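Below you'll find the structure, written out as structure tokens, and then a few comments.
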Amino acid sequence: VPSAAPGLLLPSPPPPPPCAAMATLNQMHRQGRPAPPPRKPGPTLGRPQIKGGEHHIVLGQGGRTQDLPGVKLTVVRGKFDCAHVQAKK
1 VPSAAPGLLL PSPPPPPPCA AMATLNQMHR QGRPAPPPRK PGPTLGRPQI KGGEHHIVLG
61 QGGRTQDLPG VKLTVVRGKF DCAHVQAKK
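Numbering (the UniProt record's numbering), first residue to last: 1 to 89.
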């Protein structure tokens with residue numbers, strides 16, 4: 001640290017850069033900018049089996065089903081592995 005003569009001030013450090021404002025998706029669509037890539041893949045639902053084979057993970061799609069209260073996920077891939085669940089009513 002350089003020593004200064006008494007009564008002299010050292011130059012102050014540069015100010016920090018301003019935070020980049022995070023644009024919402026609506027703003028980005030209005031301005032014609034591409035939307036950012038999604039941060040994480042869709043939800044993966046685990047399904048336990050007696051034989052833990054290759055079909056123990058199914059891909060679920062999030063979203064509300066209007067005519068089924070309490071159902072928040074829909075099976076997209078691996079739906080034939082869950083066929084016996086639909087048979088139980």
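For each residue, glycine too, the CB sits at the ideal point set by N, CA and C.
Quantities reported herein were computed from a predicted structural model and do not represent experimental measurements.
Distance CB(residue i)-CB(residue j) smaller than 9 Å
i: G60; j: L68; result: no
i: P34; j: M28; result: yes
Run of the alpha helix (DSSP H) containing residue i, from where it starts to where it stops
i: Q27; result: 25-31
Candidates the options, of which the one nearest residue i by Cα
i: A23; options: T65, Q66, L8, G32; result: G32
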